[in-house]
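K.L.:
Residue numbers (my numbering): 158 to 492.
Below: one structure in structure tokens.
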Amino acid sequence: MLLTRLLVTAALALGAARALAAPSGTVFTANEREGSISRIDLASGAVSTLKVDISPHNVQVSPDGRWLLATGMPRAASHQGHDMGAMGGRLLVYRVDDLDQPALSLDAGDHPAHVVTDSEGKQAFVTDSGAHVVRVFDLAAGKETGSIATGRYPHGLRLSPDGATLYVAAMRSDAVSVIDVASRKETARIEVGKGPVQVGFTADGKQAFASLSGENKLAIIDTAKRAVVGKVAVGRLPIQMVATPDGRQVYVANQGSAGRPDDRVSVIDLETRKPLATISTGKGAHGVAISGDGAYVFVTNIEEATVSVIDTAIRRVVATYRVGAGPNGVSFRSP
């Protein structure tokens, strides 16, 4: 499938077009409402938006930076976000230096949501919300090699820093499924609270998190105990989160509802387990990624078709980029 380049534009930064002075690398967004992927070159400030054959809900750069993975339903079956269709979903795999067409296009089940790879980038794990499983793909062989049963309606997932464990947010089980990567089995199920959407880890792997969309809270999990040890109130309908590399803070995007979108990112102090700051980004704050050095956090704003860049030293938005309609997932690639 050939991709059509729609536009290349300068970033809109603090109301004026300019490139960021400090950060470099690339940010990718999954623009679900228009069936496209946007690529932001942070060094130049250029944004390119490319049409694809799915309505991508999530994108993820592989650990080695060579591949970009995207999941979603065919555009004909999913014009409005998560709508189901007769056709199955797809996993698309691109070489990051050649986005003209995917290197792989694989059947990803009834309703693929999120994707991550193993620490070597050899296997991909895709949550299939419709089948209540995580599907496993061998990227070299270009095929599915199995599936792992989870709680009901798995959505977001993350690999632990040591690469041994997957945490999966099972939204309709109000739980996080813990999966052993080596055995491909669910080894525990942690009750976390209402409507977990996404999970995350601190860099040392000692703590994990789950965004509770039904409680407007962030659950903090002790990974050794495999139990919730605290909850912190955040904004309305929290979606994705990311911890800073030093393990001191977590940034949580609060989307709100379609009729009453939230535009805030909650910053949580992990030592006190209390809100440290609230940052306004754009309407429908959803996806969150962080630069490798932790200096910048990138947030997709669904209702404004933008990406906000937060400087973590001053906890302020320092740039805003226009991307495709309905940006959901976001991923960062180091230069």
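Built from N, CA and C at the ideal position, the CB exists for glycine as well.
What did DSSP end up calling R393 once you bin it into helix, strand or coil?
P.N.:
In the structure shown, R393 sits in coil (DSSP, three-state: anything other than H, G, I, E or B).
K.L.:
Can you tell me whether T477 is buried or exposed, with buried defined as 16 or more other CB within 10 angstroms of its CB?
P.N.:
Classification of T477: buried, given that the 10 Å Cβ count is 16 or more.
K.L.:
Measure the C-alpha to C-alpha separation of G387 and V349 and round it to an integer number of angstroms.
P.N.:
Going from the Cα of G387 to the Cα of V349 covers about 10 Å.
K.L.:
Output the distance between the C-alpha atoms of K382 and R346, rounded to the nearest integer angstrom.
P.N.:
Going from the Cα of K382 to the Cα of R346 covers about 12 Å.
K.L.:
Can you give me the Cβ contacts of A482 inside the same chain, cut-off strictly under 7 Å, excluding the 5 residues immediately before and after it?
P.N.:
These residues qualify, in order along the chain: N188, R190, E191, A462.
K.L.:
If you measure between the beta carbons of L375 and I425, is that distance less than 8 Å?
P.N.:
The answer is yes: Cβ separation under 8 Å.
K.L.:
Between Y408, T429, A442, G441, which has its C-alpha nearest A452's C-alpha?
P.N.:
Of the candidates Y408, T429, A442, G441, the one whose C-alpha sits nearest the C-alpha of A452 is Y408.
K.L.:
Pick out whichever of V422, I378, S286, L226 has its Cα sitting closest to the Cα of P395.
P.N.:
With distances taken between Cα atoms, P395 lies closest to V422.
K.L.:
Decide yes or no for the touch test of the stretch 338-345 against the stretch 359-374: beta carbon pairs closer than 8 Å, at least 3 of them.
P.N.:
Contact between the stretch 338-345 and the stretch 359-374 is absent, because fewer than three Cβ pairs lie under 8 Å.
K.L.:
Is V250 closer than 8 Å to L296 when the C-beta atoms are compared?
P.N.:
Closer than 8 Å, so yes.
K.L.:
Helix, strand or coil, according to DSSP, for R329 in the structure here?
P.N.:
In this structure, R329 counts as helix in the three-state DSSP scheme.
K.L.:
Is S465 helix, strand or coil by DSSP?
P.N.:
If DSSP states are grouped into helix, strand and coil, S465 belongs with the strands.
K.L.:
Is the beta carbon of V273 less than 8 Å from the beta carbon of L316?
P.N.:
Yes, they are a contact pair.
K.L.:
Excluding the five sequence neighbours on either side, which residues of its own chain have a C-beta within less than 8 Å of the C-beta of Q412, listed in chain order?
P.N.:
Around Q412: R393, L394, P395, I396, P418, D419, G441, A442, H443, I459.
K.L.:
Looking at the structure shown, is I436 part of a helix, part of a strand, or coil, going by DSSP?
P.N.:
Residue state, collapsed to three classes: strand.
K.L.:
Report the three-state DSSP secondary structure of E348 (helix, strand or coil).
P.N.:
Three-state result, E348: strand.
K.L.:
Got a sec? Which residues, its chain only, sit under 7 Å from P259 by beta carbon, not counting five neighbours each side?
P.N.:
Counting only Cβ-Cβ distances below 7 Å, and skipping sequence neighbours, we find M158, L249, V250, Y251.
K.L.:
What are the residues that DSSP puts in a beta bridge with D426?
P.N.:
The partner list for D426 (beta bridge, DSSP) reads Q406, K431.
K.L.:
Grab me the residues of P213's own chain with a C-beta within less than 8 Å of its C-beta, minus the 5 sequence neighbours each way, in chain order.
P.N.:
Closer than 8 Å at Cβ, skipping near neighbours: A187, N188, E189, G192, S193, I194, A227, T228, G229, L249, N485, G486.
K.L.:
For K279, which residues in the same chain have their Cβ closer than 8 Å to its Cβ, ignoring the five residues on either side in sequence?
P.N.:
Counting only Cβ-Cβ distances below 8 Å, and skipping sequence neighbours, we find D295, L296, A297.
K.L.:
When the Cα atoms are used, what is the spatial distance from P180 to A200?
P.N.:
Their Cα atoms are separated by approximately 7 Å.
K.L.:
Quick one: is S235 buried, meaning 16 or more other Cβ sit within 10 Å of its Cβ, or exposed?
P.N.:
Unreliable positioning characterises S235 in this predicted model, as indicated by a pLDDT of 46, which lies under 50. The coordinate reading is nonetheless provided below. By the 10 Å Cβ count, S235 comes out buried.
K.L.:
Decide if A265 is buried, meaning its Cβ has at least 16 other Cβ atoms within 10 Å, or exposed.
P.N.:
It counts as buried.
K.L.:
If you draw a straight line from the alpha carbon of Y365 to that of Q355, how long is it in whole angstroms?
P.N.:
Going by the sequence as given, residue 365 is Ala instead of Tyr. One C-alpha to the other measures close to 11 Å.
K.L.:
Do you know whose CA, among D210, P231, L256, R247, lies nearest R196's CA?
P.N.:
Among D210, P231, L256, R247, the Cα nearest to that of R196 is on L256.
K.L.:
Which one of F489, D361, R247 has the shortest CA to CA distance from A321?
P.N.:
Among F489, D361, R247, the Cα nearest to that of A321 is on D361.
K.L.:
Since V391 and I436 are thought to touch, with beta carbons under 8 Å apart, how far apart are those beta carbons, to the nearest angstrom?
P.N.:
Between I436 and V391 the Cβ distance is about 12 Å, and since that is not below 8 Å, they are no contact.
K.L.:
Could you tell me which whole alpha helix (DSSP H) segments of length 4 or greater appear in the stretch 359-384?
P.N.:
Those alpha helix (DSSP H) runs which fall completely within the stretch 359-384 and span 4+ residues do not exist here.
K.L.:
Can you tell me whether G182 is buried or exposed, with buried defined as 16 or more other CB within 10 angstroms of its CB?
P.N.:
Answer is buried; the Cβ neighbour count reaches 16.
K.L.:
Report the residue from G439, S334, R472 whose alpha carbon sits nearest the alpha carbon of A456.
P.N.:
For the sequence presented, residue 456 should be read as Val rather than Ala. It is G439.
K.L.:
If we count the other Cβ atoms within 10 Å of its Cβ and call it buried at 16 or more, is P492 buried or exposed?
P.N.:
P492 should be labelled exposed.
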